[in-house]
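Asker:
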Amino acid sequence: MSTITLTDLQQKFDQELIAATTSDAVLALKIAYLGKKGLVTDAFSAMKTLDNDAKKAFGQSINDLKNHIEAKIESKMTVLEAQRLSEKLKTETIDVTLPGRDFSAGSLHPVTQILSRIERIFLAMGFVVGDGPEIEDDYHNFGALNFAEHHPARLSHDTFYFDDGRLLRTHTSPVQIRYMLENKPPVRMIAPGKVYRCDYDVTHSPMFHQVEGLVIDGETNFSDLKGLLTYFLKSFFEKELKVRFRPSYFPFTEPSCEIDISCVICDGAGCRVCKNTGWLEVLGAGMVHPAVLSGVGLDPEKEQGFAFGMGVERLAMLYYQIDDLRLFFENEDRFLKQFAG
Amino acid sequence: MKFSEQWLRSWIDPEISTEELTNRLSLAGLEVAGFRPLSSRVLKGVVVGKITATEPHPEAGRLSITTVDVGDESLQIVTNLQGLVVGQLMAVAKPGAEIDDLKVEPKTLRGVTSYGMFAGCDTLGLESDTELPVFPSSVCLGEEVLGALNAIDQLIEIELTANRGDCLSIEGLAREVAAITNTAYEAPFKESELSHFEKIDDTIQVDADDVCRRYHGATMVGINADAKTPSWMKDCLSRSDIQTIHPVVDILNYVMLELGQPMHAFDLDKLEGGIVVRYANDQESLLLLNKEKVDLKSNTLVIADAKKPLAIAGVMGGLDSGVGVATREILIECAHFTPEGMMGKAREYGLHTDASHRYERGVDPNLVPRALARATELLTRITGATLQGVGRYDAENDFPKLALSLRLSQLTKWLGISFDLATVCDTLEYLGFEPRGREGMIEVSVPRFRFDVTSEVDLIEEIARIYGYENFPSTLDAIRPDIRANQQSISEENRQLKSKLAAQGLKEVITYSFQEETFLKDLGFEEALRLSNPITHEMDAMRPSILPGLIKTYKHWQSHGELSAKLFEIGTVFLNQGQDEVSKIAVLLAGGKTERSWHPNEQTAGKFDFYDAKGLLDGLSLEPLTYQPVEHHLLHPGRSATIFYAGMPVGFVGVLHPQWVKKLKLKETPVLFECDREPFIEAKRARYAAYSKFPSVKRDLAFWLDQEISFQELSNTLKKLSLEHLKGYTVFDVFEDKVNYPNKKSLAIALIFQSDTYTLKDEVVDKEIETIIDVLRKNHCVSLRE
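The listed protein sequences derive, respectively, from chains A and Z.
If you use our numbering, the first sequence closes out at 341, no skipped numbers anywhere.
If you use our numbering, the second sequence closes out at 1786, no skipped numbers anywhere.
Now the structure itself:
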């Protein structure tokens, strides 16, 4: 029998544990008490000399002591580990206000973003997206669209020509013709694309983008035109705009109209953008002229519908409040990065 | 067309304000570009006064003291105006008068009090050649000046569409106003006729009756040398921005504005023989009224006498035969030329005149006798001239009107709402048509001034615009779901590709489709398609590649300090003289890969090189791409490759040739590629394939080999082996040791082995590794690195 009791042993351990301030010291303590030659293991040997009842009671006590030591060591280790970690982390502090490493996304050109916006609305209304060539012939760009030779309406298009008589399309309307020649009604189609006019100043670019639209379906009428385009404009600007339809003239539609919206900048009160009129012209449209329909082999008594066209840069300027058309094709970083969103 | 509201209201005067009138004109398709009061100022208490006495100011030589009768009182006004005489009518701002924000108060000038001031045209906000307003003698003293000057008026400007030539006159506008307000209009003068003058055919000979359908000429003599254009006529002309020139010319211009018929006056003294309407001969030239001498083209219709051309028909008269101060006898031309015959003619000479503008859009042939009668009546009254005779050429006896039918059912089908017969007939009648309705059908006789109305749908438009587009319902019946709307469009494919590129940090640009031909040639692009009429030489050829535009954009970026750029564009290029339009994707990477970093380990983050561009291509492509070295005029000969997709060349990638970098003064060397879209968009619908559940084994191999052997060659060898368990390999190290291993390079590759059906044992992998080493030794003389 050793000279100290289990109670003394526990007290001794408790004191030594308090003194142990590193995990190494605690581990050494664990070995000193619970190791193969540890103090608690030693105490077990004293058990042999006891009678059965005493042996049982002693066994219970020594197990309690062992559990006590194990629990104490574990909790001490946890505390020490937490202390160590917190001290280590203190040394790892960085300046979180320094700039992050360059990981910036690029950007899509505002014209691309506006085109997506337009296409999304029409796709949801059952339209397909078509396309056509940028170099056109006279037939598709003018003739099939009911432009008479030398007509002032044709002259107003300021066309770029090539020596062989081909031309750069002045509008996306030739896609109407190509689409109707290849697809039977019902037709619901929009055609985005580049168009070209021989005109260059603050408000004109020799290259710009249009979206053409065409609906040919049985008895689709002028009231349907009004409804659909009004819906489109409200949807595009996400606003209950006022929409005004004004008679106009395009050789390939009849009746023709120009469509104004209440100014999105001043809500119609009058400002620089709407030239104090409260209105902004944004679309041209009309019922497809019977001559155009019969020209592509459709019977205007049986099939009818409407067409429309819009300038993409115009809509982009209003949507993003861009005040100079030329910015679109200068492609400056200071311009492009504003549309990274 | 710009005109005086007062003038229009002398024809038709509906009880609506200017705002309402202009708004309704716009909504009927005659777009009002704007309107403004004739006087730019707001005037109050500025009245007509008469000078009754004037004496010099005793203290100041330049001032005079006047006494002015303003009707109900006499005012003493001190003025610095010179040359005023007793009896002169003046615009007087009385004490308390207001001119815009200025309030007029009595004021003492060098000891004498001035009760008000005189107002010049400038102060009154009127444009005039004279400093002081000139009043008609009929005015009352004390009357407000603008009223006395007949200057309470609005100037309205309408932008007419090309189809509405019939509205290029006050009468045409009056007709529109009649239709939109349901009120009849009436000419403010008595119509006269010249039919009592016998027809003198022999003075007029028409050799081109395909274009000249009517030519009437009135001979007038005895023009009074002192004749003056009356002020009411001057007002009408100046408010339409037409200068007053000579009473005869002014009268003809006035009638053109009033009725729409262009006319011309020849000085009879200058004519040799009668009028001939014919095409010009070769070698003929003509000095025009604008003092320009033009060589006439043989397809140009001219008005000539027996010896020489006098005018370009329907465009402009000649200077020599025109009316001048000495003119006493004239021949007035009033003719009809067809729009088909006149279209584009003025433009051929770089001209655009009031006459050509109207003739190209169509002038009513029935207007010829009416306008001539109106003009001769005015000429007689104003210039004292006497009408001597009228020569007439008429290609037709009468000019019949087109007959059309309008079905009410078609009106409803086209517009979506129904109309009653009476309303439709009324509208048509106001517009000058002659409708006869019966049971759902209207027979319509079309007036000759409506060149734009040739079919039923033209009549439908007339009804729609006068009814008012705003009054139609808005229906959503044109919307239908369609499974085709879910099909991938080119536009959608491009957008997905663009989004991927943007996600990689690239910025999308859109450059012009035209480039400068010399710049393209400088860069080695031959035979770009040239425009016949470029807007500037900097945009004279269609781009055969997007890259020149990207390079220019980069140079522009560099000019304001941006040296690091990641740009892309997707767009059309024009190949084979524009016969082929191909959609391409082009990328330019230049400068530092990232912004300059503060981080100590990343001071030099590296600049873009060939492998960045290649990595981007591989990352975007849905199927593997292969590359072969190539020489391209734009690129560094040792750092450029052709891109192959499915065995076909689809583009090129490389470093911009140092000679262009130097020539364009670029501070960084860009890496570029241009490629077809196919490798990036031809995605087959994904199909799931089961993958191996057993662990893979990775082994590294490093060896020396000859500098010239490309990785592609090694790769082909490995592929040919078709080893059962070799799933893939990547290069993780390349270096040279010129001292110990000249002309060699070291390559380290990581090989991945895996089985689909069991866990690989080392022996199996070892065996395949041995095979690999053997074949690389044998085929490429590699030596393993220890």
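Cβ atoms here follow ideal geometry from the backbone N, Cα and C, with glycine treated the same way.
The model shown is predicted, which means the values in this text are computed figures rather than measured ones.
Starting from residue 333 of chain A, find everything on chain Z with Cβ-Cβ shorter than 7 Å and list it in chain order.
Answerer: Your numbering for residue 333 of chain A matches position 333 in the first sequence. In chain order: 1557, 1562.
Asker: Compute the Euclidean distance between the alpha carbons of residue 1237 of chain Z and residue 1170 of chain Z, then round it to the nearest angstrom.
Answerer: Position 237 of the second sequence, counted from the first residue, corresponds to residue 1237 of chain Z. Position 170 of the second sequence, counted from the first residue, corresponds to residue 1170 of chain Z. Taking the straight line joining both Cα atoms gives about 12 Å.
Asker: If we ignore side chains and look at the alpha-carbon of each, how far apart do residue 201 of chain A and residue 155 of chain A end up?
Answerer: Mapped onto the first sequence, residue 201 of chain A falls at position 201. Mapped onto the first sequence, residue 155 of chain A falls at position 155. Rounded to the nearest angstrom, the two C-alpha atoms are 18 Å apart.
Asker: Chain Z beta carbons: is any one of them nearer than 8 Å to that of residue 249 of chain A?
Answerer: By 1-based counting over the first sequence, the position of residue 249 of chain A is 249. Cβ-Cβ to chain Z under 8 Å: yes for residue 249 of chain A.
Asker: Residue 279 of chain A bridges to which residues according to DSSP?
Answerer: Position 279 of the first sequence, counted from the first residue, corresponds to residue 279 of chain A. A:262, per the DSSP bridge assignment.
Asker: Checking the sheet assignment: what are the DSSP bridge partners for residue 1031 of chain Z?
Answerer: The sequence position of residue 1031 of chain Z within the second sequence is 31, counting from 1. According to DSSP, residue 1031 of chain Z bridges with Z:1159.
Asker: If you measure between the beta carbons of residue 1643 of chain Z and residue 1655 of chain Z, is that distance less than 8 Å?
Answerer: The residue labelled residue 1643 of chain Z in the question sits at position 643 within the second sequence. The residue labelled residue 1655 of chain Z in the question sits at position 655 within the second sequence. Not in contact: residue 1643 of chain Z and residue 1655 of chain Z (Cβ atoms no closer than 8 Å).
Asker: Which bits of chain A does residue 1487 of chain Z rub up against, with CB to CB less than 7 Å?
Answerer: Within the second sequence, the letter at position 487 stands for residue 1487 of chain Z. Near residue 1487 of chain Z (Cβ distances below 7 Å), the residues of chain A are 128.
Asker: Closest Cβ-Cβ distance between residue 1584 of chain Z and chain A: below 8 Å?
Answerer: Looking up residue 1584 of chain Z in the second sequence gives position 584. So no, residue 1584 of chain Z is outside the interface.
Asker: Measure the C-alpha to C-alpha separation of residue 965 of chain Z and residue 1290 of chain Z and round it to an integer number of angstroms.
Answerer: Because chain Z spans 1001 through 1786 in this model, residue 965 of chain Z falls outside it and cannot be assessed.
Asker: Can you name the residues that DSSP bridges to residue 308 of chain A?
Answerer: Along the first sequence, read from residue 1 onward, the residue named residue 308 of chain A stands at position 308. Paired residue(s): A:213, A:285.
Asker: Specify, as a first and last residue, the run of the alpha helix (DSSP H) that residue 1232 of chain Z falls within.
Answerer: Indexing the second sequence from 1 puts residue 1232 of chain Z at position 232. Start and end: 1231 to 1239.
Asker: Along chain Z, in chain order, which residues have C-beta atoms closer than 8 Å to that of residue 227 of chain A?
Answerer: Counted from its first residue, the first sequence places residue 227 of chain A at position 227. What residue 227 of chain A touches in chain Z: 1473, 1474, 1475, 1476, 1477, 1478.
Asker: Quick one: is residue 1481 of chain Z near chain A, going by C-beta distance under 8 Å?
Answerer: Here residue 1481 of chain Z refers to the residue found at position 481 when the second sequence is read from its first residue. Yes, residue 1481 of chain Z counts as interfacial toward chain A.
Asker: Along the alpha helix (DSSP H) that carries residue 46 of chain A, what are the first and last residues, could you check?
Answerer: Walking along the first sequence from the start, residue 46 of chain A turns up at place 46. Here residue 46 of chain A belongs to no alpha helix (DSSP H), and DSSP marks it neither H nor E.
Asker: Does any residue of chain Z have a CB that is nearer than 8 Å to the CB of residue 230 of chain A?
Answerer: For the purposes of this step, residue 230 of chain A is identified with residue 230 of the first sequence, where counting begins at 1. True, the Cβ-Cβ gap to chain Z drops below 8 Å.
Asker: Please report the distance separating the alpha-carbon of residue 1754 of chain Z from that of residue 1620 of chain Z.
Answerer: Counting from one through the second sequence, the residue named residue 1754 of chain Z turns up at place 754. Counting from one through the second sequence, the residue named residue 1620 of chain Z turns up at place 620. Looking at the two C-alpha atoms, the distance is approximately 27 Å.
Asker: Whole angstroms are fine: how far does the CA of residue 186 of chain A sit from the CA of residue 145 of chain A?
Answerer: Taking the first residue of the first sequence as 1, we reach residue 145 of chain A at position 145. Taking the first residue of the first sequence as 1, we reach residue 186 of chain A at position 186. So the alpha carbons of these two residues sit roughly 20 Å apart.
Asker: Using a threshold of 8 Å, state whether the C-beta atoms of residue 1212 of chain Z and residue 1313 of chain Z are closer than that.
Answerer: Residue mapping note: residue 1212 of chain Z aligns to position 212 of the second sequence, counting from 1. Residue mapping note: residue 1313 of chain Z aligns to position 313 of the second sequence, counting from 1. Yes, Cβ-Cβ distance for residue 1212 of chain Z and residue 1313 of chain Z is below 8 Å.
Asker: Is it true that the CB of residue 1520 of chain Z sits closer than 8 Å to the CB of residue 1574 of chain Z?
Answerer: The residue given as residue 1574 of chain Z occupies position 574 in the second sequence. The residue given as residue 1520 of chain Z occupies position 520 in the second sequence. No; because the gap between Cβ atoms is not below 8 Å, this pair is not in contact.
Asker: Can you tell me whether DSSP reads residue 1179 of chain Z as helix, strand or coil?
Answerer: Counting from 1 along the second sequence, the entry for residue 1179 of chain Z is found at position 179. In the structure shown, residue 1179 of chain Z sits in a helix (DSSP, three-state: H, G or I).
Asker: Compute the Euclidean distance between the alpha carbons of residue 1543 of chain Z and residue 1536 of chain Z, then round it to the nearest angstrom.
Answerer: Taking the first residue of the second sequence as position 1, residue 1543 of chain Z is located at position 543. Taking the first residue of the second sequence as position 1, residue 1536 of chain Z is located at position 536. Distance between the alpha carbons of residue 1543 of chain Z and residue 1536 of chain Z: 15 Å.
Asker: To which residues of the same chain is residue 1 of chain A closer than 8 Å at the C-beta, ignoring the five residues directly before and after it?
Answerer: As a working mapping, residue 1 of chain A is identified with position 1 in the first sequence. Because residue 1 of chain A sits at a pLDDT of 43, beneath the cut-off of 50, its placement in the model cannot be relied upon, and the following sentence gives the value as read from the coordinates. Same-chain partners within the cutoff: 46, 49.
Asker: Looking at C-alpha atoms only, which residue of Z:1445, Z:1119, Z:1085 is the closest neighbour of residue 1093 of chain Z?
Answerer: For this step, residue 1093 of chain Z is matched to residue 93 along the second sequence. It is Z:1119 whose Cα lies nearest to the Cα of residue 1093 of chain Z.
Asker: So that I know if they touch, is there some Cβ in chain Z lying closer than 8 Å to that of residue 140 of chain A?
Answerer: Here residue 140 of chain A refers to the residue found at position 140 when the first sequence is read from its first residue. Not closer than 8 Å to any Cβ of chain Z, the Cβ of residue 140 of chain A fails to qualify, so no.
Asker: Figure out for me which residue from A:100, A:67, A:29 has the closest Cα to the Cα of residue 1596 of chain Z.
Answerer: Position 596 of the second sequence, counting from 1, holds the residue named residue 1596 of chain Z. Cα-wise, what sits closest to residue 1596 of chain Z is A:100.
Asker: Give me whichever residues DSSP pairs with residue 1192 of chain Z in a beta bridge.
Answerer: In the second sequence, counting from the first residue as 1, residue 1192 of chain Z sits at position 192. Note: residue 1192 of chain Z sits in no beta bridge, so no partner.
Asker: Which ranges does the alpha helix (DSSP H) cover as unbroken runs of at least 4 residues, wholly within the segment 208 to 257 of chain A, from first to last along the chain?
Answerer: 222 to 237
Asker: Is the CB-CB distance between residue 1392 of chain Z and residue 1264 of chain Z below 8 Å?
Answerer: The residue labelled residue 1392 of chain Z in the question sits at position 392 within the second sequence. The residue labelled residue 1264 of chain Z in the question sits at position 264 within the second sequence. Cβ distance not < 8 Å, so residue 1392 of chain Z and residue 1264 of chain Z don't count as in contact.
Asker: Which residue from Z:1444, Z:1431, Z:1382 puts its Cα closest to that of residue 1400 of chain Z?
Answerer: Numbered from its first residue, the second sequence carries residue 1400 of chain Z at position 400. With distances taken between Cα atoms, residue 1400 of chain Z lies closest to Z:1444.
Asker: What residues from chain Z crowd round residue 105 of chain A, counting only those whose CB sits closer than 7 Å?
Answerer: Locating residue 105 of chain A in the first sequence gives position 105, where the first residue counts as 1. Here the neighbours are 1502, 1503, 1505.
Asker: For residue 1069 of chain Z, which option in Z:1010, Z:1062, Z:1089 has the closest C-alpha, if you only look at C-alpha atoms?
Answerer: For this step, residue 1069 of chain Z is matched to residue 69 along the second sequence. Cα-wise, what sits closest to residue 1069 of chain Z is Z:1089.
Asker: What is the DSSP secondary structure of residue 1762 of chain Z, counted as helix, strand or coil?
Answerer: Here residue 1762 of chain Z corresponds to residue number 762 of the second sequence, with the count starting at 1. If DSSP states are grouped into helix, strand and coil, residue 1762 of chain Z belongs with the helices.
Asker: Could you check whether the Cβ of residue 101 of chain A sits closer than 8 Å to any Cβ belonging to chain Z?
Answerer: For the purposes of this step, residue 101 of chain A is taken as residue 101 along the first sequence, with counting starting at 1. Yes, its Cβ sits closer than 8 Å to a Cβ of chain Z.
Asker: Mind listing the chain Z neighbours of residue 257 of chain A? Cutoff is C-beta to C-beta under 8 Å, in chain order.
Answerer: As a first step, residue 257 of chain A must be located in the first sequence, where it is residue number 257. Neighbours of residue 257 of chain A in chain Z, taken as residues at a C-beta separation under 8 Å, are given in chain order as 1469.
Asker: Please report the distance separating the alpha-carbon of residue 322 of chain A from that of residue 1477 of chain Z.
Answerer: Position 322 of the first sequence holds residue 322 of chain A. Position 477 of the second sequence holds residue 1477 of chain Z. Each residue's Cα considered, the two are about 35 Å apart.
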